[in-house]
Amino acid sequence: MINDEGEFTLRETADELAQLDGKDADQLYQQLRGLYQRGLFKETSRSGAGRTAATLYDAEVLWRLRLLLPLVDLLGTDSDHLKRFDDLIRAESLIQVKKLARIDDNWTVPIVDEVKTGLKAAIDGIRRGEDWILAVTLLQDTETGGNTIFAVLCPAHAVKDPTTAEFKRDYMQTPPYELRGFLKIPATDLLRPLLIASDE
């Protein structure tokens, strides 16, 4: 059960996430324990003292894990990649979004709007009813064979899909990088049930 400070034990985190996804809570607990031991996330505090004190995690850890677990299911538990994803999920930045602004019944003009990204902005946006996406892009260096992974947590209208002709025209990757994959994870669908529970 969540305590008065809004913190969870790892077991409670596993139980909550397992219930949402229909997973086995004990298996998920072991998976989360492994991610903790690899340093993916840290405790917020401890309840009590000594060896029997429970380690507690705040709601942000729960939200981050909710977004990371689909990537764990898909890509495995390589801690370096997961740490990079976790850093990118939390990274706050501004991205530019092109859109049309209506100036009257007959005219629209193109404008560029700046949109905040990252977990904090996503939580605020989802609470306001916005649709958010975790967009993951995989690029390969065709000279070295190495892969580069990018991820951005942003409003759905701001997602730049690298598979589209518009993206290839306006944002083409500099050679030798070539697109190898693109994945959109529905952040709003994943996080909304946790936010509803925490807001009650």
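Each residue of the sequence shown is one higher than the one before, starting from 1 at the first, in the working numbering.
All residues carry an ideal CB built from backbone N, CA and C; glycine is no exception.
Item, Value
"Going along the chain, which residues of its own chain have a beta-carbon closer than 8 Å to the beta-carbon of ASN147, five neighbours each way excluded?", "LEU138, LEU139, GLN140, ASP141 and ARG180"
"When you compare only the Cα positions, how much space is there between VAL112 and LEU94?", "12 Å"
"State the DSSP-derived secondary structure class of ASP13, mapped to helix, strand or coil.", "The sequence given here places Thr at residue 13; Asp does not occur at that position. If DSSP states are grouped into helix, strand and coil, THR13 belongs with the helices."
"In chain order, what residues of the same chain have a beta carbon less than 8 Å from the beta carbon of GLY6, not counting five sequence neighbours either side?", "ASP58, ALA59 and SER198"
"Compare the beta carbon distance of THR108 and LEU100 with 7 Å and say whether it is the shorter of the two.", "yes"
"Report the partner residues of SER93 according to the DSSP bridge assignment.", "Its beta-bridge partners do not exist; DSSP assigns none."
"Just the C-alpha distance for ARG115 and LYS23, rounded to the nearest angstrom, thanks.", "A quick correction: the sequence has Val, not Arg, at residue 115. Whole-angstrom Cα-Cα distance: 35 Å."
"Report yes if the C-beta distance between TYR29 and ARG11 is below 7 Å; otherwise report no.", "yes"
"When the Cα atoms are used, what is the spatial distance from GLY76 to LEU82?", "9 Å"
"Spatial neighbours of THR188 within its chain, please: CB distance less than 7 Å, with the 5 preceding and 5 following residues excluded, ordered by chain position.", "ILE126, ASP131 and TRP132"
"For the structure I just gave you, are there three or more beta carbon pairs, one from the stretch 149-156 and one from the stretch 84-94, closer than 8 Å?", "yes"
"Are there 16 or more other CB atoms within 10 angstroms of the CB of ASN3, so buried, or fewer, so exposed?", "Residue placement at ASN3 cannot be trusted, given a pLDDT of 48 that sits under 50; the coordinates are not used to answer."
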